[in-house]
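Read through the structure below, which is laid out as structure tokens, and then see the notes.
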Ligand SMILES: OC[C@@H]1[C@@H](O)[C@H](O)[C@@H](O)c2[nH]c(CCc3ccccc3)c[n+]21
């Protein structure tokens, strides 16, 4: 592979999220989150796993930051647990909870690692779910109160802020499919939740601008590139609809001030009447400094007589798959980056999540030669670099994830880390993919 060199100020990072790594689920005044409630509900999580202890990052954060330093990570994307800050979701804040994130943030800065803070990565205070959660429009204002406190306390030292992680997953896995917290199965609720999460994002951006802080603020949707399974007209139309449901459903409100008409009709035809106050759309379309994208895989799409479209990856044996059953399709990242560069007015983009779960094997010397993950990382970075050469303003890459952690409904069975975590004693071991990433960072390329 001819030497691939990234731009000199390209940011090399890694990402985690509070509920997936912290543990200490009820320590130092933290309130219950909807993921505490969901994972404590029998039958929701594989093997009955939960985040009570997770990777115990709450107590081991200094050791974990030392490992980031050893790998040479330049920026660390972490999320703040809202119920650690506001145990009841609003009102009186919890000094001890805030103190943890101050200690974590200053330890990163001390080690020359730029903090990138995600305000919401799914762990809503349960007390807010008790009053309707994200389906209750008032929660958007409680989110601004929460965000505003963190802007005030950490805004002068945190250079990157991400308001919301994956509104689509929160809305549709949590409120339509019911496989994520809070486990609701209702399309209309899912649409309200999606809208209110975007509204909370826009309001928080507005609050951030008022404070004239030195950092940058954005949002982290999940995208996947859709390809028609054939060149039949019906499959091409089905693919357009699938792209609308996932990708346009985010891009249009945030960058064009409206929801995509074809998808609104799709939902209306399925009994979910959908329209929101026009003034909301202005708030949702607040200017952001960067778009953070989570990309893992792509889908091939076929026409379906009832549902309009069906994604057929599980029928495709020609692609390698990860332990999540997702096809490995690096060109989908390239195509996504070119598309976003075009659709989002050449906004700065960072890849806020990219990575893969594989069934890692530990050899007799305790080393983990996770070649599949190493190949996945290299192949996706090659595509990211190609996009940069095409003029895409790609500014950074955050690998998912720093360490093996709680993979939502799959519990600890799916491992995405470049650092292995022993589930018995929580011992950390850098995998060969971690050493590869160290070399990539050192060389600023492949
Ligand atoms: O599944 C790996 C990671 C999660 O651990 C992160 O918390 C989450 O931000 C994240 N998003 C995606 C892509 C969208 C997706 C999420 C959950 C389930 C299926 C697809 C993959 N991941």
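Residue numbers (the working numbering): -6 to 439.
No residue lacks a Cβ here, since even glycine has one placed at the ideal position from N, Cα and C.
Every value quoted in this text rests on a predicted model; they were computed, and no experiment measured them.
Give the straight-line distance between the Cα atoms of residue i and residue j, rounded to the nearest whole angstrom.
{"i": "residue 246", "j": "residue 157", "result": "15 Å"}
{"i": "residue 197", "j": "residue 203", "result": "10 Å"}
{"i": "residue 296", "j": "residue 258", "result": "17 Å"}
{"i": "residue 126", "j": "residue 396", "result": "30 Å"}
{"i": "residue 451", "j": "residue 335", "result": "Residue coverage of the chain in this structure runs from -6 to 439, which leaves residue 451 outside it and unanswerable."}
{"i": "residue 71", "j": "residue 10", "result": "5 Å"}
{"i": "residue 176", "j": "residue 17", "result": "23 Å"}
{"i": "residue 408", "j": "residue 428", "result": "17 Å"}
{"i": "residue 342", "j": "residue 284", "result": "5 Å"}
{"i": "residue 344", "j": "residue 327", "result": "12 Å"}
{"i": "residue 62", "j": "residue 391", "result": "15 Å"}
{"i": "residue 54", "j": "residue 434", "result": "22 Å"}
{"i": "residue 393", "j": "residue 289", "result": "9 Å"}
{"i": "residue 112", "j": "residue 365", "result": "32 Å"}
{"i": "residue 367", "j": "residue -1", "result": "18 Å"}
{"i": "residue 388", "j": "residue 2", "result": "8 Å"}
{"i": "residue 150", "j": "residue 99", "result": "9 Å"}
{"i": "residue 94", "j": "residue 413", "result": "24 Å"}
{"i": "residue 369", "j": "residue 226", "result": "33 Å"}
{"i": "residue 223", "j": "residue 141", "result": "49 Å"}
{"i": "residue 299", "j": "residue 277", "result": "32 Å"}
{"i": "residue 310", "j": "residue 159", "result": "28 Å"}
{"i": "residue 346", "j": "residue 8", "result": "7 Å"}
{"i": "residue 237", "j": "residue 154", "result": "27 Å"}
{"i": "residue 312", "j": "residue 228", "result": "20 Å"}
{"i": "residue 322", "j": "residue 291", "result": "6 Å"}
{"i": "residue 249", "j": "residue 333", "result": "13 Å"}
Give me, in chain order, the residues of the same chain whose beta-carbon lies closer than 6 Å to that of residue i; leave out the 5 immediate sequence neighbours on both sides.
{"i": "residue 431", "result": "64, 65"}
{"i": "residue 169", "result": "180, 183"}
{"i": "residue 185", "result": "128"}
{"i": "residue 411", "result": "424, 426, 427, 430"}
{"i": "residue 252", "result": "245, 246"}
{"i": "residue 235", "result": "219, 294, 302"}
{"i": "residue 42", "result": "404, 405"}
{"i": "residue 27", "result": "117, 119, 122, 174, 175"}
{"i": "residue 273", "result": "192"}
{"i": "residue 29", "result": "18"}
Skipping 5 residues on each side, what residues in its chain have a beta carbon closer than 7 Å to that of residue i?
{"i": "residue 83", "result": "135, 138"}
{"i": "residue 161", "result": "187, 214, 215, 239, 242, 243"}
{"i": "residue 331", "result": "380, 383, 385"}
{"i": "residue 15", "result": "47, 50, 51, 74"}
{"i": "residue 101", "result": "58, 69, 108"}
{"i": "residue 418", "result": "none"}
{"i": "residue 148", "result": "204, 206, 208"}
{"i": "residue 416", "result": "405"}
{"i": "residue 324", "result": "376"}
{"i": "residue 233", "result": "none"}
{"i": "residue 171", "result": "177, 178"}
The alpha helix (DSSP H) that contains residue i, what's its start and end?
{"i": "residue 160", "result": "160 to 168"}
{"i": "residue 75", "result": "75 to 78"}
{"i": "residue 373", "result": "364 to 382"}
{"i": "residue 272", "result": "271 to 277"}
{"i": "residue 256", "result": "254 to 262"}
{"i": "residue 339", "result": "It is not in any alpha helix (DSSP H) - residue 339 carries neither H nor E in the DSSP assignment."}
Taking the beta strand (DSSP E) that residue i belongs to, which residues open and close that run?
{"i": "residue 390", "result": "387 to 393"}
{"i": "residue 302", "result": "301 to 304"}
{"i": "residue 285", "result": "283 to 287"}
{"i": "residue 109", "result": "107 to 113"}
{"i": "residue 68", "result": "68 to 72"}
{"i": "residue 291", "result": "291 to 297"}
{"i": "residue 213", "result": "209 to 213"}
{"i": "residue 175", "result": "Here residue 175 belongs to no beta strand (DSSP E), and DSSP marks it neither H nor E."}
{"i": "residue 7", "result": "4 to 8"}
{"i": "residue 421", "result": "421 to 423"}
{"i": "residue 345", "result": "342 to 347"}
{"i": "residue 413", "result": "412 to 414"}
{"i": "residue 219", "result": "218 to 221"}
Near residue i, which residues of its chain fall below 8 Å by C-beta distance, leaving aside the five closest residues on each side in sequence?
{"i": "residue 281", "result": "198, 210, 211, 212, 247, 340"}
{"i": "residue 23", "result": "17, 74, 76, 77, 80, 87, 90"}
{"i": "residue 106", "result": "58, 61, 62, 66, 67, 68, 69"}
{"i": "residue 189", "result": "127, 128, 129, 130, 132, 133"}
{"i": "residue 200", "result": "137, 140, 141, 144"}
{"i": "residue 166", "result": "172, 173"}
Check whether the Cβ of residue i lies closer than 7 Å to any heavy atom of ligand 3, and answer yes or no.
{"i": "residue 13", "result": "This structure does not include ligand 3; its bound ligands are ligand 1."}
Taking 8 Å as the threshold (beta carbon to beta carbon), is residue i in contact with chain C?
{"i": "residue 369", "result": "Protein chain content of the structure displayed is limited to a single chain, and chain C is not contained in it."}
### Query
Hey, is the region 336 to 352 in contact with the region 72 to 90, meaning 3+ C-beta pairs nearer than 8 Å?
By the Cβ test, the region 336 to 352 is not in contact with the region 72 to 90, since fewer than three Cβ pairs between them sit closer than 8 Å.
### Task
Pair every Cβ in the region 391 to 406 with every Cβ in the region 36 to 44, then say whether three or more of these pairs are closer than 8 Å.
They touch, by the three-pair rule.
### Query
For the region 371 to 384 against the region 355 to 362, are there 3 or more C-beta pairs whose distance is under 8 Å?
Taking a cut-off of 8 Å on C-beta distances, the region 371 to 384 does not touch the region 355 to 362, as fewer than three cross pairs fall below it.
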